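Under the numbering used here, residues 568 to 801 are what the sequence shown spells out, in order.
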Amino acid sequence: MQQYYLGIDVSKGYADFVILDKKKQPVEKNFQLDDTFDGHSHLYERICKFSNEHPESIINASVESTGGYENNWFNSLIKFQGSLNLRTARLNPLGVSANSKADLKRNITDKISAQNVAEYMIAHPEKVSYQEKDPSTGFRKQWGFIQMLTKQKTQLLNQLESLLYNANPDLSTYCKDGVPEWVLKLLVLYPTAYKLSKAKLSSVAKIPYITFKRAQELVAHAKKSIASATDKIT
568 MQQYYLGIDV SKGYADFVIL DKKKQPVEKN FQLDDTFDGH SHLYERICKF
618 SNEHPESIIN ASVESTGGYE NNWFNSLIKF QGSLNLRTAR LNPLGVSANS
668 KADLKRNITD KISAQNVAEY MIAHPEKVSY QEKDPSTGFR KQWGFIQMLT
718 KQKTQLLNQL ESLLYNANPD LSTYCKDGVP EWVLKLLVLY PTAYKLSKAK
768 LSSVAKIPYI TFKRAQELVA HAKKSIASAT DKIT
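Next up, the structure:
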């Protein structure tokens with residue numbers, strides 16, 4: 568598979584780009600893009616076009632660590648990897664600078680700096696660690712999902728507590744430290760005190776963790792309940 572190297576020199580508000588082949592020859596002339604949505608979109612379009620013109624190739628892209636200015640471009644490139652044959656790395660600027668000095672380059676411009684980044688990838692592949700994908704993306708999604716479920720659980724339990732006061736307030740005494748599973752199963756079968764007051768003791772006692780004695784207490788309290796909600800909808 569043909570290897571190409573996308574060197575990126577990042578400045579505040581914009582970046583310069585160049586693509587070299589393995590012989591360090593430019594195959595895509597230098598171009599400059601603003602660090603904006605349009606600029607990043609245009610970069611994606613240019614890489615797409617290049618990939619379509621070179622279908623049997625992989626593009627190795629790198630930015631130098633520049634105190635955070637490179638983050639937007641780096642993150643966009645990582646996202647591009649989802650649909651493009653692209654690898655992305657973040658380079659130590661000291662290594663790029665040393666390689667440039669070894670090649671006796673003195674007049675450094677943004678365009679030349681972009682080329683220096685690309686040439687460093689070619690000259691020192693063993694020192695370039697490509698990030699195939701964002702390793703924390705899956706974790707962040709999973710953590711976000713867990714947080715969402717936790718929030719929903721809290722909301723539902725608060726709502727249940729409110730309904731319980733109206734439908735069967737005597738059960739609240741069993742829910743001071745959370746809602747036991749047996750209470751939830753009891754409510755599925757007998758959602759109101761009225762329903763529970765009509766239940767057979769043997770049926771209530773079949774619910775896990777409800778003894779016959781507790782079943783007697785539950786039904787007895789239900790018959791004397793002051794619950795205001797007795798409808799099926801509750």
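Virtual Cβ for every residue (Gly too), placed ideally from N, Cα, C.
Quick caveat: nothing in here was measured; it's all calculated off a predicted structure.
Residue 787 classed as buried or exposed, judged by whether at least 16 other C-beta atoms fall within 10 angstroms
Your numbering for residue 787 matches position 220 in the sequence shown. By the 10 Å Cβ count, residue 787 comes out exposed.
Alpha carbon to alpha carbon, what distance is there between residue 694 and residue 597?
Along the sequence shown, read from residue 1 onward, the residue named residue 597 stands at position 30. Along the sequence shown, read from residue 1 onward, the residue named residue 694 stands at position 127. Going by the C-alpha atoms only, they are around 25 Å apart.
Give every residue of the same chain whose Cβ lies closer than 8 Å to the Cβ of residue 580, excluding the five residues on either side of it in the sequence, and list them in chain order.
Position 13 of the sequence shown, counted from the first residue, corresponds to residue 580. These residues qualify, in order along the chain: 601, 602.
Since residue 755 and residue 738 should fall inside the 8 Å C-beta cutoff, what is the C-beta to C-beta distance between them, to a whole number of angstroms?
What you label residue 755 is simply residue 188 of the sequence shown in a count that begins at 1. What you label residue 738 is simply residue 171 of the sequence shown in a count that begins at 1. With a Cβ gap of about 13 Å, residue 755 and residue 738 do not count as contacting.
DSSP three-state call for residue 623: helix, strand or coil?
If you number the sequence shown from 1, residue 623 lands on position 56. Coil.
Pick out whichever of 685, 654, 784 has its Cα sitting closest to the Cα of residue 660.
Within the sequence shown, residue 660 is the residue found at index 93, counting from 1. The candidate whose alpha carbon is nearest that of residue 660 is 685.
Residues bridged to residue 601 [DSSP beta-bridge criterion]
Taking the first residue of the sequence shown as position 1, residue 601 is located at position 34. Paired residues: 581.
Does the separation of the CB atoms of residue 591 and residue 689 fall below 9 Å?
Translated into positions along the sequence shown, residue 591 becomes position 24. Translated into positions along the sequence shown, residue 689 becomes position 122. It is a contact, given that the beta carbons lie within the stated cut-off.
Could you tell me which of 589, 616, 572, 604 sits nearest to residue 626, measuring between CA atoms?
Residue numbering aside, residue 626 sits at position 59 when the sequence shown is read from its first letter. Comparing Cα positions, the closest option is 572.
Please state the DSSP three-state secondary structure of residue 593.
Translated into positions along the sequence shown, residue 593 becomes position 26. Looking at residue 593 - three-state DSSP - the assignment turns out to be strand.
To which residues does DSSP link residue 569 through a beta bridge?
Taking the sequence shown and counting its residues from 1, one reaches residue 569 at position 2. Looking at the DSSP assignment, residue 569 forms a beta bridge with 624.
Name the two residues that bound the continuous beta strand (DSSP E) containing residue 794.
Taking the first residue of the sequence shown as position 1, residue 794 is located at position 227. Looking at the DSSP string, residue 794 is not in any beta strand (DSSP E), and its letter there is neither H nor E.
Going by the CB atoms, is the gap between residue 607 and residue 643 shorter than 9 Å?
Taking the sequence shown and counting its residues from 1, one reaches residue 643 at position 76. Taking the sequence shown and counting its residues from 1, one reaches residue 607 at position 40. Yes, these two residues count as a Cβ contact at 9 Å.
For residue 595, which residues of its own chain have a beta-carbon under 7 Å away from its beta-carbon, when the five flanking residues on both sides are left out?
Translated into the one-based positions of the sequence shown, residue 595 becomes position 28. 585, 586, 617, listed in sequence order.
Please confirm whether residue 575 and residue 623 have their CB atoms less than 9 Å apart.
For the purposes of this step, residue 575 is taken as residue 8 along the sequence shown, with counting starting at 1. For the purposes of this step, residue 623 is taken as residue 56 along the sequence shown, with counting starting at 1. No, these two residues do not count as a Cβ contact at 9 Å.
How is residue 697 classed by DSSP in three states: helix, strand or coil?
Here residue 697 refers to the residue found at position 130 when the sequence shown is read from its first residue. Three-state DSSP puts residue 697 in a strand.
Express the C-alpha separation of residue 715 and residue 745 in angstroms, rounding to a whole number.
Translated into positions along the sequence shown, residue 745 becomes position 178. Translated into positions along the sequence shown, residue 715 becomes position 148. When rounded, the distance between both Cα atoms is 19 Å.
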